[in-house]
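Peer 1: Going line by line, the protein sequences match chains P and W. Going by the UniProt record's numbering, the residue at position 546 of the first sequence is 546; the numbering climbs one at a time, nothing skipped. Going by the UniProt record's numbering, the residue at position 32 of the second sequence is 32; the numbering climbs one at a time, nothing skipped. First, the structure itself, so that you have it in front of you.
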Amino acid sequence: MILLWIALLPLFGVLVPLLCSQRSRLFTTWATAAAPAIALGLTLSQAGTVLQHQTLRYTLSWLPSLQLDYALRLDGLALLFVCLVLGIGLLVILYASYYLSEQDSMPRFYACFMLFMAAMLGVVMANNLILLWISWEITSISSFLLISYWWQKSEARKGARMALTVTAAGGLALLAGLLLIGHMVGSYSLDVVLQHGDLIRNHPLYTLTLCLILLGAFTKSAQFPFHFWLPHAMSAPTPVSAYLHSATMVKAGIFLLVRLYPVLAGTDQWYSIVSLAGMCTLLLGAYFALFQHDLKGLLAYSTLSHLGLIVLLLSIGSPASTVAALFHIINHAIFKASLFMAAGIIDHETGSRDMRRLNGLWKYMPYTATLAMVAALSMAGVPLLNGFLSKEMFFAETLNQSILGSLSWLVPVLATLAGVFSVAYSLRFIHDVFFNGEPIGLSKTPHEPPRYMKLPVEILVGLCLLVGIFPEFMVQPILDAASAAVLQDQVPSYSLAIWHGFNFPLLMSLVAMAGGVLVYTQRRHLFRFQHQFEAVDAKREFERLIQLSVRRANVFSRWLENDSLQRYLLLMLLALLVLLGSSLRELHPLSGGRSLLPLDPVTLCAGLVLILSAIATVVVNRQRMLSLLFLSVTGLMVSLLFARFAAPDLALTQLVVEVVSIILLMLALFFLPYKTPRNAAAPRNLLRDSAIALVLGALVGSLCFALLSRPFDSISSFFMAKSKTDGGGNNVVNVILVDFRGFDTLGEITVLGIAALGIFRLLEHLRLFKPSADGEGRLWARQRDSVILNVIAQGILPLALLVSVYIFLRGHNNPGGGFIAGLITSVGIILQYIAHGVSWLKPRMRLNYALMIASGVTIACLTGLGSLWWDRPFLTSWFDHFHLPLIGDVELASAMAFDLGVYLTVVGATLMMLANLGKLTTAHRPQYEEMQ
Amino acid sequence: MEILYACCVGFLTACGVFLVLRERTFPVVLGLTLLSYAVNLFLFASGRLTEAAAPILGAGDSHTDPLPQALVLTAIVIGFAMTAFVVILAMRARADLGVDHVDGRLPDDTPGAQPTRQKDAKK
């Protein structure tokens, strides 16, 4: 539970600065610092247990179906990072309150900062890979917000976008890698994954997984060749750089490598990829740091170099090198954060970060200068400071490795070379800024910063000294615990002593220091040499790449999405064809062995008529009226097929729907052209479309045959058995509709109602051209009423109503039901419209169709809800038999009420569609003159 | 019998697909109707073809499968609602856009087609 609080307190802390927006800056600072301070206190209260090499866990089920738990763990490694994240975070909060100017929005800064802190805690404490990834992505997003804090500046926006693009792309690769691990192990829980190192290393997908995860880690930790974003992220406010780019975010990638070290490390691929990236970054960073004129740029490249150093240590893969890596993580975080803060102070008090202008600041701010110099010396690896210890361990480890095979002797040489440059740039930081003449053209006269702005730097520099002088006392316990967590209790014996006697590592250190001094004093030659090369502006290159990909993507999507529905449909059908075709190929043999029914001549005739009329519909499709007539023949044949195969309900429904829809289509045709015009590109398209149509038809036909010829086992026996006892009806189809699957039917009548309302809306204010002649140029008859039709229609209406009542009532036990009855009623009423016209019918039949739909759906719903009254599930039906005098035995079922709802909705919806469309034909009868 | 039935479904699908791919709205609506016939028959086929009696208790010794029938029944009605909606949409599109092409504009290579931009400018 305490773990949960540690992880969540900073998250709640996001709200604190936002709520303090009206308060003073000091208050905001302290209020914001409260949550991480409490969290740090809680962490330290647990530290005792964790330092005994125990792992604390907390699991909260989140999305069990995705194996995603809110699972936290606090082992030595997590404790180390939690302390770094919270401890340095607190110092940065204090520092930032002095750094930010009056114009900068403090709540916004702190909110983003706390979000980042919470996400970072999520990364280091996650005990579930997916949770880790989610937190990882939140760090990317919140770091974007932090880097672009001064969004008015173009470089801040660009730098932030670059950082986000690179790290988020790496995050996606990481997700793929983590999913692969989950796939191999069968669990996303870190506890389980860490137990299965051998399984993962020997898995055929190992190399792919490793590459994906390394992509994630290297982009985050700015390893070569993804190092370019980090120097550009320096456009962020300095507190952000001090936090993100020294202690936390760039360490997240390294944390991931360390966290997954037990499962991924120790293979040839690991050695070669990781050591190469680490080595390149180490040298590149150290070399280029020397040439930066921007104070923060120097620190950024130096950070690259130190990250490369840690990665190189991890790649060596011996237990001692891992300990050294962990130790350097701590040391680097401490001295780099203090250096960034010092650089921020200098920037703040002088208004410049350009080392060509900043000179001789010792005179103006001796106290800050001392602090910065101690930290810089630690960065250079001078004895009695913490940087010296881990650098010494690093040199020792480079002597004990064989990662490059017979060329392994290169590693210590290159490491020493990197050491030379790191001493040189540290010297530059000290000498160029604090000595070396007088400041040039500064806008302010430099002076010491406010008292408490120095405090965080003091604390960190104090730590540098303490760790450097009393390493065993200061870091041994946590380093032991963290190493135990990584190495799974195979901690090697190592010594944190300052003095190991005269040995090779010490010699390397001395060479590095002497070489560094030499390089720095002779730097003019190096600068001249470096000046020959044209500087590659990573930002511009990156922008160019992004622009290029955006253009390509635009071209591609314009090609794919050309606004032609016809083409989209074609592509979708082609995709369907491929999918269906490829899966049908595996269905062999096509026939499933079920005994086939014999063919009888009547069905054969009907089938042939169906096929021929369908083909005729296509052939004459330019003459729309004719085509529509053939379509109606097809529909009738479908209805007959249903009747033939013992589906009377379907046959009835199909028949009535056919009538209604043909009337509807005819009405629509009145407003549409009677003929389809020819198209210039027609022949080629016709051929293509026919080919697709035929192939797809063949595929669907084969699939249908494959289905029909296979034996099957249906769940319908349940419905057959329960229909009478539970549903109270003999017509199983109807009972399924109104009872077993009543919820579906409720949904469907709702859809029907919505469609009708949609049509109503579409027809509103519809301005149509109303032709006064048909396609052949013959005028429509002006005589509106046909006496014969009038008489017949009037006579048929009561009959139709009677039939529909009959069909409705018998529906539960015999073919029929609400759907069919509703359609029959509609047809009867539509006939009145056809015969008499809207204007005649309107005063005589006052039906509000919208009301009918609404009441239909409401009745159906209420019937369903009624069963809740008796503590039954929604839509449970009830029925009983009553004996009425004269009429006899009568069955009453709640399903009847439900069916009434269906009936009303169907009638309302159908009539709403047709009557409203029909109204258009009569509203303003066009005159003959208008056609001329 | 099964072969005939499968042929019917296949031809309905083929004719429906061909019409759906036309460029004017009305044939597309007809094509959709044909496709919905095909789909309904296909769904119905999942209950297999038998000589058994209709799924009404007491009508015979063995019954056909009622479940596909119930599914298809609602599918027919919904299919009707969809057809109606699409055809009205087509009318509305013709009224608003002045053309009954499914893309809402005539392709640029059609004789008599106005360039799209001019038309937009006029509106």
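Where a beta carbon is used, it is the ideal one built from N, C-alpha and C, also for glycine.
Using DSSP's beta-bridge definition, name the partner residues of P:H881.
Peer 2: As a working note, residue 881 of chain P is residue 881 in the first sequence. DSSP output for P:H881 lists P:E891 as bridge partner(s).
Peer 1: Taking the runs of the alpha helix (DSSP H) that are 4 residues or longer, which of them lie wholly in the region 573-622 of chain P?
Peer 2: Within the region 573-622 of chain P, the complete alpha helix (DSSP H) runs of at least 4 residues are 601-619.
Peer 1: Note down, in chain order, all residues in the region 579-605 of chain P with a beta-carbon under 7 Å from any beta-carbon belonging to chain W.
Peer 2: From the region 579-605 of chain P, only L596, L597, P598, L599, T603, L604 have a Cβ closer than 7 Å to chain W.
Peer 1: May I ask you to report which of helix, strand or coil DSSP gives P:R73?
Peer 2: For the purposes of this step, residue 73 of chain P is identified with residue 73 of the first sequence, where counting begins at 1. If DSSP states are grouped into helix, strand and coil, P:R73 belongs with the strands.
Peer 1: Taking all protein chains shown into account, do 16 or more other C-beta atoms lie within 10 angstroms of the C-beta of P:I440, making it buried, or fewer, making it exposed?
Peer 2: Residue 440 of chain P sits at position 440 when you count from the first residue of the first sequence. Flag for P:I440 reads exposed.
Peer 1: How close, in whole Å, do the beta carbons of P:V220 and P:M249 come, if the pair is a contact with beta carbons under 8 Å?
Peer 2: As a position in the first sequence, residue 220 of chain P is number 220, starting the count at 1. As a position in the first sequence, residue 249 of chain P is number 249, starting the count at 1. This sequence places Lys at residue 220 of chain P; Val is not what is there. Rounded, the Cβ-Cβ distance is 7 Å, consistent with contact.
Peer 1: Quick one: Cα of P:R353 to Cα of P:L180, how far?
Peer 2: Here residue 353 of chain P refers to the residue found at position 353 when the first sequence is read from its first residue. Here residue 180 of chain P refers to the residue found at position 180 when the first sequence is read from its first residue. In a straight line, the C-alpha of P:R353 is about 45 Å away from that of P:L180.
Peer 1: Give every residue of the same chain whose Cβ lies closer than 8 Å to the Cβ of W:N40, excluding the five residues on either side of it in the sequence, and list them in chain order.
Peer 2: The residue labelled residue 40 of chain W in the question sits at position 40 within the second sequence. Result list for W:N40: V72, A75, I76, G79, in chain order.
Peer 1: Compare the C-beta of P:F819 against all C-beta atoms of chain W and say whether one is closer than 8 Å.
Peer 2: Along the first sequence, read from residue 1 onward, the residue named residue 819 of chain P stands at position 819. So, interface residue.
Peer 1: For the region 512-531 of chain P against the region 141-157 of chain P, are there 3 or more C-beta pairs whose distance is under 8 Å?
Peer 2: no
Peer 1: In terms of DSSP beta bridges, what is P:L63 paired with?
Peer 2: Residue 63 of chain P sits at position 63 when you count from the first residue of the first sequence. Answer is P:L68.
Peer 1: Listed from N- to C-terminal order along the chain, which residues in the region 700-717 of chain P have their beta-carbon within a distance smaller than 9 Å of any beta-carbon of chain W?
Peer 2: V700, G701, S702, L703, C704, F705, A706, L707, L708, S709, R710, P711, F712, S714, I715, S716
Peer 1: Tell me, please, which residues DSSP counts as bridged to P:Y58.
Peer 2: In the first sequence, residue 58 of chain P corresponds to position 58, counting from 1. DSSP lists P:L72 as partners of P:Y58.
Peer 1: If you follow the alpha helix (DSSP H) that P:K539 is part of, which residue opens it and which one closes it?
Peer 2: For the purposes of this step, residue 539 of chain P is identified with residue 539 of the first sequence, where counting begins at 1. Element bounds for P:K539: 538-560.
Peer 1: On the three-pair Cβ rule with 8 Å, is the region 203-222 of chain P touching the region 250-258 of chain P?
Peer 2: yes
Peer 1: Can you check whether the C-beta of P:I830 is within less than 8 Å of a C-beta belonging to chain W?
Peer 2: Translated into the one-based positions of the first sequence, residue 830 of chain P becomes position 830. Cβ-Cβ to chain W under 8 Å: no for P:I830.
Peer 1: In angstroms with no decimal places, state the Cα-to-Cα distance between P:I692 and P:S557.
Peer 2: As a working mapping, residue 692 of chain P is identified with position 692 in the first sequence. As a working mapping, residue 557 of chain P is identified with position 557 in the first sequence. Taking the straight line from one Cα to the other gives about 24 Å.
Peer 1: When the Cα of residue 939 of chain P is compared with those of P:M162, P:A277, P:N386, which residue comes out closest?
Peer 2: There is no way to answer for residue 939 of chain P, as the model of chain P reaches only from 1 to 932.
Peer 1: Tell me the rounded alpha-carbon separation between P:Y301 and P:K336.
Peer 2: For the purposes of this step, residue 301 of chain P is identified with residue 301 of the first sequence, where counting begins at 1. For the purposes of this step, residue 336 of chain P is identified with residue 336 of the first sequence, where counting begins at 1. Going by the C-alpha atoms only, they are around 11 Å apart.
Peer 1: Among the candidates P:S894, P:C83, P:Q67, whose CA atom is the shortest distance from the CA of P:L74?
Peer 2: Position 74 of the first sequence, counted from the first residue, corresponds to residue 74 of chain P. For P:L74, the nearest C-alpha among the options comes from P:C83.
Peer 1: Residues of chain P with CB under 7 Å from W:L12, in chain order?
Peer 2: To locate residue 12 of chain W, count along the second sequence from 1; it is residue 12. By Cβ distance, chain P contributes A614.
Peer 1: Could you please give me the residues that DSSP links to P:D354 through a beta bridge?
Peer 2: Translated into the one-based positions of the first sequence, residue 354 of chain P becomes position 354. Answer by DSSP bridge pairing, in chain order: P:D294.
Peer 1: Which residues, taken in chain order from the region 59-74 of chain W, show a beta carbon closer than 7 Å to some beta carbon of chain P?
Peer 2: H63, T64, D65, P66, L67, Q69, A70, V72, L73, T74
Peer 1: Taking P:F671 as the reference, which of P:D774, P:A482, P:R761 has the closest Cα?
Peer 2: As a first step, residue 671 of chain P must be located in the first sequence, where it is residue number 671. Measuring from the Cα of P:F671, the nearest candidate turns out to be P:D774.
Peer 1: So, does the CB of P:K770 fall closer than 8 Å to a CB anywhere in chain W?
Peer 2: The residue given as residue 770 of chain P occupies position 770 in the first sequence. So no, P:K770 is outside the interface.
Peer 1: Are P:W229 and P:L174 close, meaning C-beta to C-beta below 8 Å?
Peer 2: If you number the first sequence from 1, residue 229 of chain P lands on position 229. If you number the first sequence from 1, residue 174 of chain P lands on position 174. Contact: no.
Peer 1: On the three-pair Cβ rule with 8 Å, is the region 88-98 of chain P touching the region 202-218 of chain P?
Peer 2: No: the two stretches stay apart, fewer than three of their Cβ pairs being nearer than 8 Å.
Peer 1: Going along the chain, which unbroken runs of the beta strand (DSSP E) with 3 or more residues stay wholly within the region 754-814 of chain P?
Peer 2: none
Peer 1: Let me know the secondary structure DSSP gives P:K675 once reduced to three states.
Peer 2: As a working mapping, residue 675 of chain P is identified with position 675 in the first sequence. P:K675 falls in the strand class under three-state DSSP.
Peer 1: Chain B partners of P:F719, CB-CB under 7 Å?
Peer 2: As a matter of chain content, chain B is missing from the structure shown, whose protein chains are P and W.
Peer 1: In this structure, does DSSP put P:H525 in helix, strand or coil?
Peer 2: As a first step, residue 525 of chain P is located in the first sequence; it is residue number 525 there, counting from the start. Three-state DSSP puts P:H525 in a helix.
Peer 1: For P:R684, name the three-state secondary structure that DSSP assigns.
Peer 2: By one-based count along the first sequence, residue 684 of chain P stands at place 684. If DSSP states are grouped into helix, strand and coil, P:R684 belongs with the helices.
Peer 1: Looking at the C-beta of W:L97, does it have a partner C-beta in chain P at a distance below 8 Å?
Peer 2: Looking up residue 97 of chain W in the second sequence gives position 97. With respect to chain P, the C-beta atom of W:L97 has no partner C-beta closer than 8 Å.
Peer 1: Output needed for P:L115: all residues of its chain with C-beta closer than 6 Å, excluding positions within five of it in sequence on either side, in chain order.
Peer 2: Residue mapping note: residue 115 of chain P aligns to position 115 of the first sequence, counting from 1. V14, S142, listed in sequence order.
Peer 1: Please report the straight-line C-alpha distance between W:R117 and P:L687, rounded to a whole angstrom.
Peer 2: Counted from its first residue, the second sequence places residue 117 of chain W at position 117. Counted from its first residue, the first sequence places residue 687 of chain P at position 687. Per-residue confidence for W:R117 stands at a pLDDT of 43, beneath the threshold of 50, marking its modelled position as unreliable; no derived number is given.
Peer 1: With distances taken from CA atoms, which of W:L57, W:A95, W:M91, W:V20 is nearest P:M666?
Peer 2: Within the first sequence, residue 666 of chain P is the residue found at index 666, counting from 1. Out of W:L57, W:A95, W:M91, W:V20, the CA that lies nearest to the CA of P:M666 is found in W:M91.
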